[in-house]
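Read the structure below first, then the notes.
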Amino acid sequence: MQSSSELFPVALISAELRGDLTEDVYRLKPGNSPDPSVELVLTRLGRFGHEGARGVPVILVHGSFSNRRFWYSPKGLGLGPYLARAGFDLWIAEMRGHGLSPRNQHYRRNRVADYARYDLPAIAAFVREQAGQAPHWVGHSLGGTTLAAALGGHYLGEEDVASAALFGSQVSRVYWPLKMPPVAWGGRLLLKRFGVLSGSWLKRGPEDEPIGLALESMRWHGLFGRFGDAERDWWAGLADVRVPVLAVAAAGDLQDPVWACRKLVEQVPEDCRHFLRLAKDEGFSEDFGHIEMLVSKAAEREVWPLVAHWLKHQALPGAAQAAEALAL
1 MQSSSELFPV ALISAELRGD LTEDVYRLKP GNSPDPSVEL VLTRLGRFGH EGARGVPVIL
61 VHGSFSNRRF WYSPKGLGLG PYLARAGFDL WIAEMRGHGL SPRNQHYRRN RVADYARYDL
121 PAIAAFVREQ AGQAPHWVGH SLGGTTLAAA LGGHYLGEED VASAALFGSQ VSRVYWPLKM
181 PPVAWGGRLL LKRFGVLSGS WLKRGPEDEP IGLALESMRW HGLFGRFGDA ERDWWAGLAD
241 VRVPVLAVAA AGDLQDPVWA CRKLVEQVPE DCRHFLRLAK DEGFSEDFGH IEMLVSKAAE
301 REVWPLVAHW LKHQALPGAA QAAEALAL
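Number 328 marks the last residue of the sequence shown (UniProt numbering); no jumps.
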């Protein structure tokens, strides 16, 4: 089968018409990581009849225990279809072993370090090849954390990122028991007995997560832990970022609290960083939660138009502009 890319093998595995949207699904085999079995699936959404006039590319990255359906429901609803209908060239990434992306040979060892160092750069390269320009990125929860790791580790550069929006993403929430070496050692020994964390069993979502992610997170939050890997300090590297970065936090988010989301974006230089808090006292209809900040009727009315505005202008709207954005 002929590859859809000159970069590495890419197969167009389906091309469908979903109502007023076109849906093209690509399977990438970058071959750029120590595990050569890794394959990644990207879903591209566009407006039917406008295939020759696609807008600027936008890549959505889901969080933990999730897949493309966080952004794009089977009924054609979600932030993904909204942005596609607004004229953006919309791409939805699914991480190793999530959704349509098959589990790789060393699935249980997968880490954010692998996503950031190998997978996101491959996705960026393919989207740039297809769209002819640097994409904008939107990540939720672990998806945003992975974007921050890729930016701080300099795995994604200015040619790969027009802007980045991080929703409910942080690495600063303190888990005090993990600061105690005996507890951390015991926890690691226990976790190593498992291959995956079950999203359905934990009631966290439809997907499983590899145990490697949990072990990596424990290291970040340990006594001498840091947001990085053995080679690079991603936290320190964020100070060198030169692309616009928006952090969005929800007042009702107990998992990734506002202060921690703000602390992450404050590592980015002041002239590149933007922050938005979704709360009643900020003029929103409710104190949004971790999921509801992007998946809810209120988010559809109040948050999605602000996302579209950010993607067009890389800035948050003023009062008058906000009213105009919400009226779209």
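Just so you know, even glycine gets a beta-carbon here, dropped at the ideal spot from N, CA and C.
Check                                                                                                : Outcome
Pair within 7 Å by beta-carbon distance, S4 and L17                                                  : no
Residues that W304 bridges to, as DSSP identifies them                                               : DSSP output for W304 lists no bridge partner at all.
Under the three-state DSSP convention, the category A15 falls into                                   : strand
Whether A116 touches A162 by CB criterion (7 Å)                                                      : no
Minimum C-alpha distance to E23 - residue among S66, I92, L79, D208                                  : I92
Minimum Cβ-Cβ distance from H290 to chain C less than 7 Å                                            : This model lacks chain C altogether; it includes just one protein chain.
Three-state secondary structure (DSSP) of E51                                                        : helix
Cβ neighbours of S172 in the same chain (closer than 6 Å, five flanking residues each side left out) : A260, K263
Whole-angstrom C-beta distance between E216 and H98, which should lie under 8 Å                      : About 16 Å separates the two Cβ atoms, so there is no contact after all.
Residues bridged to residue 331 (per DSSP)                                                           : Nothing about residue 331 can be read from this structure; the chain reaches only from 1 to 328.
The region 58-75 in contact with the region 140-149 per 3-pair CB rule at 8 Å                        : yes
Host alpha helix (DSSP H) of S33 (start-end)                                                         : That residue, S33, is in no alpha helix (DSSP H); it is neither H nor E in DSSP.
Residue range of the alpha helix (DSSP H) that includes residue 339                                  : As shown, the chain starts at 1 and ends at 328. That puts residue 339 outside it, with no answer to give.
Distance, L156 Cα to D119 Cα                                                                         : 10 Å
Contact belief for residue 378 with P210 at Cβ below 8 Å, rounded distance in angstroms              : Outside the displayed range of the chain (1 to 328) lies residue 378, so it cannot be described from this structure.
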